[in-house]
Every structure is written in C-alpha cells, then in structure tokens.
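Student: Under this note's numbering, think of the first position of the sequence shown as 32, with each following residue one higher. Quick one: the structure is below, questions incoming.
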Amino acid sequence: MIPSNDGNRGQAPRRQDPALWLAALLALLCIVLEYGGMEPMLRFDRDAVNAGAYWQLLTANLVHLGPSHLWMNLAGLALVVALVWGNFTWLEWLLVLIVSSLAVSIGLWLFNPQLNAYVGLSGTLHGLILAGCLADLRRYPVSAGLLLAGVVAKLAWEQFSGPLPGSEHVAGGNVAVDSHLYGAIGGAVVGGLLLSRKRSGNTETT
Numbered sequence: 032m033i034p035s036n037d038g039n040r041g042q043a044p045r046r047q048d049p050a051l052w053l054a055a056l057l058a059l060l061c062i063v064l065e066y067g068g069m070e071p072m073l074r075f076d077r078d079a080v081n082a083g084a085y086w087q088l089l090t091a092n093l094v095h096l097g098p099s100h101l102w103m104n105l106a107g108l109a110l111v112v113a114l115v116w117g118n119f120t121w122l123e124w125l126l127v128l129i130v131s132s133l134a135v136s137i138g139l140w141l142f143n144p145q146l147n148a149y150v151g152l153s154g155t156l157h158g159l160i161l162a163g164c165l166a167d168l169r170r171y172p173v174s175a176g177l178l179l180a181g182v183v184a185k186l187a188w189e190q191f192s193g194p195l196p197g198s199e200h201v202a203g204g205n206v207a208v209d210s211h212l213y214g215a216i217g218g219a220v221v222g223g224l225l226l227s228r229k230r231s232g233n234t235e236t237t
C-alpha cells in the first residue's frame with residue numbers, strides 16, 4: 032500500500048531498507064539456483080523427503096520449472112514488495128517467508144499424497160501478500176480490504192475451478208493450486224500473530 036505523507040515520512044526508507052534487501056536477496060537466490068541447475072537437487076521429492084531429505088520442504092520453494100516459471104514468480108514478488116513490503120521489519124518478513132514456505136511443502140506432503148514433486152515460489156508469495164494485507168487493514172481498510180478480497184477470490188476460484196486460465200502455459204507445467212492455499216494460510220497465521228504481538232506491545236507502553 033502507498034504510505035501516507037506524514038511527519039515520519041523521512042524515517043521510513045531507513046527502516047525499510049533491510050526488508051528491501053531481503054526481497055532482493057530472495058530474488059537473486061532464486062535466479063542463481065535456476066540458472067545453476069539446482070532444481071533436481073532442491074525440489075520437493077516425496078520419496079526423498081520420506082527418506083529424510085527434510086531440507087527440501089524449504090528449498091523447493093526457491094527453485095522453478097524453468098525461466099518462464101521463475102520470472103513469473105519474481106514478477107509476483109515485485110508486486111508484493113510494491114504493495115505491502117513496508118509493513119514488517121526484515122526479520123518479521125523472514126519469519127513470514129519461512130513459515131509460508133514450510134506451510135506449502137508440509138501441506139502438500141501431508142494432504143496431497145498423489146503429488147510426488149513440487150517447485151516454485153508462488154505458494155510462498157500468497158503467504159507474503161496475505162500477511163501484508165492483514166497488516167494494512169487498520170491503516171488502509173478500503174484498499175487493503177479490496178486486495179485481500181481479490182486474493183481470497185483467486186484462492187476460491189482455484190479450489191473450485193482449477194488454475195487460472197493461462198497460468199499453466201506460462202509456468203510451463205501443472206499448477207498445484209493447493210500450494211497457494213497452504214501458503215496463504217501459513218502467511219495469514221504468522222502475520223496475524225506478529226500483528227497481535229505488536230498491538231499488545233503498543234498497549235503495554237501507552
């Protein structure tokens with residue numbers, strides 16, 4: 032969301048710089064892993080995870096089917112940064128990132144036994160945007176509410192009608208729509224907990 036022009040405006044860029052660096056490092060990491068050919072080693076592979084390769088529950092979200100899949104998700108990351116990235120510190124965003132990513136992979140592992148392999152950042156992005164929307168609701172209820180409604184409508188469409196038209200063509204493979212739902216749930220939960228903690232802290236200091 033676009034911040035208001037208030038007296039604290041000059042302080043915001045310094046506070047948000049580390050969070051912007053986190054987003055840039057995330058994008059760079061995804062690019063390096065894609066063009067370094069790391070997808071076979073880092074993707075979620077059910078047999079490998081069952082055998083103890085639990086790191087894939089996190090790393091699967093950082094690798095992609097190919098360049099088109101990668102750049103589609105990086106465009107989504109840029110949109111998340113433009114809309115809601117000023118709402119948390121870099122450490123808080125890192126927590127949202129990790130929890131959302133694990134929610135995606137663990138959700139697929141436990142509840143989608145027919146799915147044997149998974150890659151991509153899209154599920155995690157749904158968690159990031161949900162957390163950011165929740166943080167914006169108090170300051171920008173209309174715009175944040177509309178964005179939140181749009182994300183929820185997209186998730187509902189995917190659950191009842193399947194992937195959005197054209198998304199599989201752009202990604203270059205099948206879209207695991209449940210990954211978006213699991214990521215959104217993970218992001219909403221950790222985002223809500225962070226906001227609750229902040230508000231309780233503000234109440235104690237006033």
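Ideal placement from N, C-alpha and C gives every residue a C-beta, glycine not left out.
Which residue or residues does DSSP assign as beta-bridge partners of residue 75?
Tutor: Translated into the one-based positions of the sequence shown, residue 75 becomes position 44. Looking at the DSSP assignment, residue 75 forms a beta bridge with 149.
Student: Take residue 66 as the anchor and find which of 93, 80 and 129 has the nearest alpha-carbon.
Tutor: Position 35 of the sequence shown, counting from 1, holds the residue named residue 66. Comparing Cα positions, the closest option is 93.
Student: Which same chain residues end up closer than 8 angstroms to residue 129 when comparing Cβ atoms and leaving out the 5 residues on each side of it in sequence?
Tutor: Numbered from 1 along the sequence shown, position 98 holds the residue referred to as residue 129. Counting only Cβ-Cβ distances below 8 angstroms, and skipping sequence neighbours, we find 89.
Student: What do you reckon, are the CB atoms on residue 222 and residue 127 nearer than 8 angstroms?
Tutor: One-based indexing of the sequence shown puts residue 222 at position 191. One-based indexing of the sequence shown puts residue 127 at position 96. Against a cut-off of 8 angstroms, the Cβ pair of residue 127 and residue 222 comes out as a contact.
Student: Starting from residue 94, trace the alpha helix (DSSP H) both ways and give me its first and last residue.
Tutor: Taking the first residue of the sequence shown as position 1, residue 94 is located at position 63. Note, residue 94: premise wrong, no alpha helix (DSSP H); not H, not E.
Student: So, with DSSP's three-state summary, where would you put residue 191?
Tutor: Reading the sequence shown from its first residue, position 160 is the one you call residue 191. Reduced to three states, the DSSP call for residue 191 is helix.
Student: Output needed for residue 111: all residues of its chain with C-beta closer than 7 angstroms, excluding positions within five of it in sequence on either side, in chain order.
Tutor: Residue numbering aside, residue 111 sits at position 80 when the sequence shown is read from its first letter. Within the same chain, residue 111 has close Cβ partners 156, 159, 160 and 163.
Student: Ordered along the chain, which non-local residues of its own chain (more than five positions away) have a Cβ less than 8 angstroms from that of residue 179?
Tutor: Within the sequence shown, residue 179 is the residue found at index 148, counting from 1. Closer than 8 angstroms at Cβ, skipping near neighbours: 161, 164, 165 and 168.
Student: Looking at the unbroken alpha helix (DSSP H) that takes in residue 140, where does it start and where does it end?
Tutor: As a working mapping, residue 140 is identified with position 109 in the sequence shown. From DSSP, the alpha helix (DSSP H) with residue 140 extends over 121-142.
Student: Return the CA-CA distance between residue 123 and residue 147, expressed in angstroms with no decimal places.
Tutor: As a working note, residue 123 is residue 92 in the sequence shown. As a working note, residue 147 is residue 116 in the sequence shown. Their backbone Cα atoms lie some 31 angstroms apart in a straight line.
Student: Need the endpoints of the alpha helix (DSSP H) that residue 52 sits in, please.
Tutor: Taking the sequence shown and counting its residues from 1, the one referred to as residue 52 is at position 21. Where residue 52 is concerned, the enclosing alpha helix (DSSP H) stretches over 43-66.
Student: State the Cα-Cα distance for the pair residue 201 and residue 98, rounded to the nearest angstrom.
Tutor: The sequence position of residue 201 within the sequence shown is 170, counting from 1. The sequence position of residue 98 within the sequence shown is 67, counting from 1. C-alpha separation (whole angstroms): 10 angstroms.
Student: Rounding to the nearest angstrom, what Cα-Cα distance links residue 132 and residue 154 in this structure?
Tutor: Here residue 132 corresponds to residue number 101 of the sequence shown, with the count starting at 1. Here residue 154 corresponds to residue number 123 of the sequence shown, with the count starting at 1. Going from the Cα of residue 132 to the Cα of residue 154 covers about 7 angstroms.
Student: Counting beta carbon pairs with one atom in the segment 206-224 and one in the segment 183-192, are three or more of them shorter than 8 angstroms?
Tutor: Verdict: yes, contact present.
Student: Is residue 229 buried or exposed, if buried means 16 or more other CB atoms sit within 10 Å of its CB?
Tutor: Taking the sequence shown and counting its residues from 1, one reaches residue 229 at position 198. By the 10 Å Cβ count, residue 229 comes out exposed.
Student: Using three-state DSSP, classify residue 171 as helix, strand or coil.
Tutor: Mapped onto the sequence shown, residue 171 falls at position 140. Reduced to three states, the DSSP call for residue 171 is coil.
Student: Examine chain B for any beta-carbon lying closer than 8 angstroms to the beta-carbon of residue 170, and answer yes or no.
Tutor: Protein chain content of the structure displayed is limited to a single chain, and chain B is not contained in it.
Student: Of all the options 55, 181, 214 and 135, which has the alpha carbon lying nearest to the alpha carbon of residue 108?
Tutor: Within the sequence shown, numbered from 1, the residue matching residue 108 stands at position 77. The candidate whose alpha carbon is nearest that of residue 108 is 55.
Student: Where does residue 17 sit, in a helix, a strand or coil, going by DSSP?
Tutor: Only positions 32 to 237 of the chain appear in this structure, which leaves residue 17 out of reach.
Student: Out of 96, 183 and 138, point me to the one whose CA is closest to residue 204's CA.
Tutor: If you number the sequence shown from 1, residue 204 lands on position 173. The candidate whose alpha carbon is nearest that of residue 204 is 96.
Student: Here's a check: name, in chain order, each residue in its chain whose Cβ is nearer than 8 angstroms to the Cβ of residue 114, leaving out the five neighbours to either side.
Tutor: If you number the sequence shown from 1, residue 114 lands on position 83. The answer, listed in chain order, is 32, 160, 163 and 178.
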